[in-house]
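In UniProt numbering, the protein residues as written are 1 to 85. Every residue, glycine too, gets a C-beta built ideally from N, C-alpha and C. It should be emphasised that the depicted structure is a prediction, and the values quoted were computed from it without experimental measurement. Read through the structure below, which is laid out as structure tokens, and then see the notes.
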């Protein structure tokens, strides 16, 4: 299993414990490079569909990604994979 798959499993298992760097790595794998000018503590990823135009990721306490944003990222990944119910 590759590192992206391991990060995705970790995000699904415990979104609270995902680091900002891991969240960005996961988002880049599925959605490409973040929008330029995002800065070192915020990353914005464009979605490939209408309606939900972007995912924002912010560095929270202790270098972790914010839990609700990780959950949004997982939902977007599921939608991209066609797994949304």
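I need the DSSP call for residue i, collapsed to helix, strand or coil.
i	result
residue 50	coil
residue 64	strand
residue 35	coil
residue 14	coil
Please report how far the alpha carbon of residue i lies from the alpha carbon of residue j, in whole angstroms.
i	j	result
residue 61	residue 82	32 Å
residue 65	residue 27	12 Å
residue 67	residue 19	10 Å
residue 23	residue 50	22 Å
residue 56	residue 47	11 Å
residue 53	residue 7	23 Å
Is the distance from the Cβ of residue i to the Cβ of residue j below 7 Å?
i	j	result
residue 11	residue 74	yes
residue 29	residue 4	yes
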